[in-house]
Amino acid sequence: MVNLHRKVGGKLSSKLSEKSMVGSPIVIYQTPYRYIDRQITPEILADYYKIPLIFSSLTFLSRLCFAGLDFKLESIDGPNDDTKAGQITKALAQIKKADKGLAHIGRKKDCTTLDCVRKAALESWTYNRVLFERSQKLEEGNVYVPRLQHLPSQSFNRTPSALLGSNRYRIDPLLKGIIDDIELAEVRFYQNVDAQKEPIEIPSDQVLFIEDTSLPDNTSLLHSVASTIEFAKQARHDFRLAMKRVGVPKEVAQVDGAALAQMKSAGIDIAGGYQALVDHANDLVMSQSSNQAEVALPGIRLLYPNIPIALNPMEVEKFIEQTILNHFFARGITEQLAQAVSVSATPGKVLLDSVISGHQEVAGKPFQELWQMFLDTNGYDLLIYFDYWSWSPKDQEAEARKATTIFTSGGSLINDYRASMGLPPYTPEQLKQLFEEQNALKRGSLPGEQSAIVPPTEKHLQSAYKQFNKKKDTRQDIADSAGELAEIYESGQAYIHDLILEAIKNGDFSTLQKDIDEVRQDLLEQGRAWAKDTIPAMYIAGASQVAVPDGEPHQKAIDALVNKATSSIQEADAAIGSYVTATIARLELLQAREKLLQARGELDGEDYLTGAFEIPGKKTIDGKILGLAPYAALLALTSARDAHMEGTRNAILEQGDSDLAQISAEIQPNTCESCREWAGKTISLTGKDPNYPTLDDAMESEIFHVNCIHYLIPISSPTGAKQMQQASQKQFNFNPNHDELGRFAESPGGRREGGRRELSLKDSSTLKNIKAFDEAKWKEHWIGPKDLMFSEIAKEQKFDALPKLISEDEAYKLIDSGGVELYRGTAKGFAEQLKSGDLFPGKGAYGSGIYCAEGHSAAKELAESYKSTGTGEYEGELMHMVLSPDANIVDWKDAYFEAIRYEQDKVEKNSIEERLFSDVGRYAAIKGYDAIRVDKSETFGDTNFIVVLNRGKLHVVK
């Protein structure tokens, strides 16, 4: 990451304008006639804390944001300045000592900075006004240390009577003791210490006042949800009332005239007559007793009416509670942003971190500045910042994977890796032995012996090929290395943006060039460091496929690659310089035109740079302008790939046994035509073997283009090359006799084969129905989420049959007998449609169908992340399913390549058939397959996907 810092002590302070200000930061709002609004008082906000949901939510949010903090110090001249180590040690000891008795909060003395920050956060969320009284104390060694005492915000609830009714004073609408004095242009603070006396004034220069200026005027986090809290109270009242009325319905007594007539006809006389029955009915209703109901006289009927409820009050209450929780934790925003950022990563945590860091900035920065003042007062040339503890524990397994990844790519030494894994270091003798053993394994012979290369059999080659695929993905290795540089420049660009925006707000550009030059220098140094670390590591990783590189030729090659990457990084620096110079000139010109024209409302400085801010980094061949961060990513990816490939090439040529190599065979849906043509081919690096195309031929066809991460795989002999080519074709290519055999080519990846019904489009109704699509239906197909062409295939293949509903025990019996366990996260309405409605084949990157995660724990966790978060029919549901043991499953790679070849060789261009076969899911369904398996190596995930084509092969747990 970019280590950027600011200088204090006036070195970056802006020049103040000599013109006096005429506006006011605090105003009295006038409301229209008959405007009615409920007054929210400090007492009401304080009472809200007595509500369990509010108390638990804000208390937990406080612990989440402020689990702990550490003081971090560095030199004012930057973290690389090691001349201030003594100062840092001394100052840190004094700060920790003073921090033990920093503040007095409530009845507790000796509160720390962390206690102050937590208290400030809670009061900021409640009132958006936090007050501490501060002083200084001279302690041993002539050190001035700060002292604080918390002043409860609620105690600033009364205005002194002498200030009432004067236009000179503007009273805070919530805390009446905070008053803006217009004449003196200052804020005055009056605390209500004794209700029998006038509030006392706290001197302004002794008050540490905190207010979140990013919030709208006269509101706070709790204040803004007050109406919802009141609504929740009303919902609770309505719920109790409904329980009383519905749970215990009132008796209704009726005198039954028909029964009276029958008794009279039968000669039965009731003592007291009709009035006696009425009086008895009244007694029953007033008593409301089931015992008396048993003695109801003939002619009286008791009713217990059923009161219908249009809306369940409990659901209303739960909805309101969820709304309040979403408000406090910004859940709705983070979920929407998470979907926009990525569907495969876990950005939810990152976005929650951003919410937390915002709270840390508001509540913690004033205390950070307090300790900065301590350093300045006591003569330290140091900067301080708070390092907040992470709210989530470290993932030990992820840390171990990261250390292994860095080591296997050549990014760390063996002893560094062993230390990170908690293992003792190797001795020099052990390192020497390890070096010799590794080279022996690469050569296929012991040290000192002549290399004896035996051409492997096809069986051995397929086994080796599978083992190679199980190793760390080289593409991911290259991408990870490139991501480090991209992250550096993305952070640098954001910081430059903030510097320019701050200069616009201050109206002072005198130091902007100098400040940005410091950032440029920092970026340049980190870019050079990245090149010096990453390029050799990638070169070694590529060469180590043959043998660990050693000697001057390799060092010269590495130096040349590092210099090339460094030159490109310097080009990026020059692009920043040109952009900044032009930007400053433009801003100064605008400033001359009536101070950025803000007085006339023609230009707002913040709007000028917010939004899609991006420093242009490079102009591509086709004329597109790449931003600085994307250009850095492109540069890093290409440089890392070139280093890896050059290492492999040089190591192969150094061995001298063969100059053959294979181009990595991976192909993705967005792979370009050149890469599709050359992927998996064997080449001769020097043209020594006439049976194979040369590396120059491949380069001329632009396979190794910018942003391409195909790489070279060494092959030890011509015979091995031929067999490796055959092995790779069995993995990636196609069976030339497809039409006769009616099936896909063999693949090392296992799949079930059984009886399949392949559609013959000439004789089927599918093609006819699709050709009959009108314009509206085609529009629905292309724009909507449902694949209408797949629906036609499913009807004819009978893939739209309903799934079988089974119990949990039946599911595990099916799994034991060979069924594939699946999980799917979706909305309740979609889940019901899958079980009993029309088939809905969704579109996806790996073909149309029903997407499920394969397996148990990891699959269940992945499916959970795809569950809907709505209510009603959009309420989330996790479906547990089993794919029938007799289902025909095809590997996605096989289906993808077969569909491409079939489309190229058998289908007329721009025809309906071409549209039909352009999707892997549709193609596999036509061939009679029930499902497609997408290996996790294709998605870089933790579990395989299953794209279900035949719904009738699904068993869904009830």
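Be aware that the sequence shown starts at 174, since it is given in the numbering used here, and climbs by one per residue. In this text, a Cβ means the ideal position worked out from N, Cα and C, and glycines have one as well. None of the values given here were measured: they were computed from a predicted structure.
Contact defined as beta carbons within less than 8 angstroms: I believe residue i pairs with residue j. What is the distance between those atoms, to the nearest angstrom?
i, j, result
"H817", "I651", "6 angstroms"
"R1124", "L961", "At roughly 16 angstroms, the Cβ-Cβ gap does not stay under 8 angstroms, so R1124 and L961 are not in contact."
"A716", "P722", "4 angstroms"
"V1137", "Y1019", "Any property of residue 1137 remains undetermined from this structure, which presents the chain solely from 174 to 1131."
"L287", "L381", "Going by Cβ atoms, the distance from L287 to L381 rounds to 16 angstroms, so no, they are not a contact pair."
"Y300", "L347", "6 angstroms"
"W298", "L395", "6 angstroms"
"Y1096", "A1072", "4 angstroms"
Mapping the DSSP letters down to three states, classify residue i as helix, strand or coil.
i, result
"Y202", "Note that Y202 has pLDDT 41, beneath the 50 cutoff, so the model's placement of it is unreliable and the number below is only indicative. It is coil, neither helix nor strand."
"I689", "helix"
"S387", "coil"
"I742", "helix"
"Q718", "coil"
"M546", "helix"
"A813", "helix"
"E850", "helix"
"Y1024", "strand"
"F907", "Model confidence at F907 stands at a pLDDT of 33, short of 50, so the residue's coordinates are unreliable and nothing is read from them."
"K705", "helix"
"A513", "Model confidence at A513 stands at a pLDDT of 42, short of 50, so the residue's coordinates are unreliable; what they give is reported in the following sentence. In the structure shown, A513 sits in a helix (DSSP, three-state: H, G or I)."
"D1115", "coil"
With residue i as the anchor, note down where its beta strand (DSSP E) starts and where it stops.
i, result
"E373", "At residue 373 the sequence reads Ile, which differs from the Glu that was named. Segment 373 to 375, the beta strand (DSSP E) holding I373."
"V290", "First-last for V290: 286 to 300, but that is the alpha helix (DSSP H), not the beta strand (DSSP E)."
"A276", "276 to 278"
"K977", "977 to 979"
"M1054", "1049 to 1056"
"I261", "Element bounds for I261: not the beta strand (DSSP E) but the alpha helix (DSSP H), 258 to 272."
"E1127", "The question names Glu, yet the displayed sequence has Leu at residue 1127. Where L1127 is concerned, the enclosing beta strand (DSSP E) stretches over 1127 to 1130."
Short check: CB of residue i to CB of residue j, under 8 angstroms?
i, j, result
"K1126", "T1116", "no"
"I825", "P887", "yes"
"A264", "L548", "yes"
"G1094", "G1022", "yes"
"K1008", "L978", "yes"
"D385", "V535", "yes"
"I352", "Y363", "yes"
"Y1069", "A1026", "no"
"E931", "K1100", "yes"
"V135", "I689", "Residue coverage of the chain in this structure runs from 174 to 1131, which leaves residue 135 outside it and unanswerable."
"Y561", "K245", "no"
"I708", "I731", "yes"
"V290", "F540", "yes"
"G998", "K1040", "yes"
"D257", "D554", "One point to set straight first is that residue 257 is Lys, not Asp, in the sequence displayed. In contact: K257 and D554 (Cβ atoms closer than 8 angstroms)."
"L734", "E609", "no"
"P215", "Q327", "yes"
"C238", "Q533", "yes"
For residue i, which residues does DSSP report across the bridge?
i, result
"I344", "I352"
"R822", "R822 pairs with nothing; no bridge assigned."
"D1064", "R1106"
"F1070", "Per DSSP, none; premise fails for F1070."
"P319", "Q309"
"D560", "D243"
"F362", "I351, I375"
"I856", "A834"
"R591", "Paired residues: none, contrary to the question."
Just to confirm the assignment, what range does the alpha helix (DSSP H) spanning residue i have?
i, result
"P225", "225 to 238"
"G991", "Run containing G991: none; DSSP gives neither H nor E here."
"V887", "In the sequence as displayed, the identity of residue 887 is Pro instead of Val. P887 -> not in any alpha helix (DSSP H); beta strand (DSSP E) instead, spanning 885 to 887."
"G1094", "1093 to 1099"
"A834", "Per DSSP, A834 belongs to no alpha helix (DSSP H); it is in the beta strand (DSSP E), 833 to 836."
"L218", "215 to 221"
"F1090", "1085 to 1090"
"L940", "938 to 944"
"L1007", "1001 to 1009"
"I876", "Where I876 is concerned, there is no enclosing alpha helix (DSSP H), given that its DSSP letter is neither H nor E."
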